[in-house]
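According to this note's numbering, the sequence shown is numbered sequentially starting from 8.
What follows is one structure encoded as structure tokens, with my remarks underneath.
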Amino acid sequence: MTHPCLSCGACCAHFRVAFHWMEADTEGGGVVPPEFTEKLDMHRLAMHGTNQKHPRCRSLVGKVGEAAHCGIYERRPSPCHDLIPAWEDGNPSPQCDRARAAHGLPPLTPESFAS
Ligand code: SF4
Ligand code: SF4
Numbered sequence: 008m009t010h011p012c013l014s015c016g017a018c019c020a021h022f023r024v025a026f027h028w029m030e031a032d033t034e035g036g037g038v039v040p041p042e043f044t045e046k047l048d049m050h051r052l053a054m055h056g057t058n059q060k061h062p063r064c065r066s067l068v069g070k071v072g073e074a075a076h077c078g079i080y081e082r083r084p085s086p087c088h089d090l091i092p093a094w095e096d097g098n099p100s101p102q103c104d105r106a107r108a109a110h111g112l113p114p115l116t117p118e119s120f121a122s
């Protein structure tokens with residue numbers, strides 16, 4: 008089974024991805040590449056490209072709804088870790104559904120993860 012996120016990427020082109028600046032403080036143990044972030048306010052950064060009317064994270068590679076993946080997957084920030092694809096762990100995910108709907112994609116179902 009190919010993971011459904013690899014033919015989606017919708018959440019990376021729908022939400023503002025904001026997090027504490029320390030996540031990109033590589034000298035202090037942060038892992039997010041600073042060059043892929045932009046300053047949001049005193050305490051927070053956003054993934055570059057996500058704080059705009061039509062967001063698209065600069066780290067997203069490929070075409071939404073066809074073939075897409077995170078170019079910094081191992082170093083992605085906490086909001087990206089926290090967004091679990093719908094039904095991957097047996098639970099719905101309104102965020103996943105919303106992002107997919109915004110890109111004209113149907114919601115995932117439990118069958119999306121059937122092998
Ligand atoms: S919207 Fe859902 S299926 Fe699409 S990439 Fe994000 S988590 Fe994966
Ligand atoms: S860092 Fe990766 S997972 Fe997070 S929004 Fe950007 S492309 Fe998506």
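Don't be surprised by glycine CBs; every beta carbon is placed ideally from N, CA and C.
Any C-beta of chain B under 8 Å from that of residue i
i: residue 12; result: Note that chain B does not occur in the displayed structure, where there is just one protein chain.
Assumed close pair residue i, residue j - CB separation to whole angstroms, cut-off 8 Å
i: residue 20; j: residue 64; result: 7 Å
Cα-Cα separation, residue i to residue j
i: residue 54; j: residue 118; result: 31 Å
i: residue 62; j: residue 46; result: 15 Å
i: residue 58; j: residue 33; result: 22 Å
i: residue 41; j: residue 70; result: 24 Å
i: residue 26; j: residue 92; result: 20 Å
i: residue 52; j: residue 85; result: 12 Å
i: residue 87; j: residue 24; result: 8 Å
i: residue 60; j: residue 35; result: 32 Å
i: residue 67; j: residue 50; result: 24 Å
Where residue i falls, given that 16 or more other Cβ within 10 Å makes a residue buried
i: residue 39; result: buried
i: residue 74; result: exposed
i: residue 13; result: exposed
Contacting residues, own chain, Cβ-Cβ under 8 Å from residue i (five flanking each side not counted)
i: residue 97; result: 117
i: residue 102; result: 18, 22, 90
i: residue 112; result: 15, 17, 72
i: residue 108; result: 114
Beta-carbon proximity list for residue i, same chain, < 6 Å, skipping 5 on both sides
i: residue 11; result: 115, 119
Worksheet item: Residue ranges of each beta strand (DSSP E) run of no fewer than 3 residues wholly in the stretch 48 to 89, ordered along the chain?
Response: 51 to 54, 67 to 70, 74 to 77
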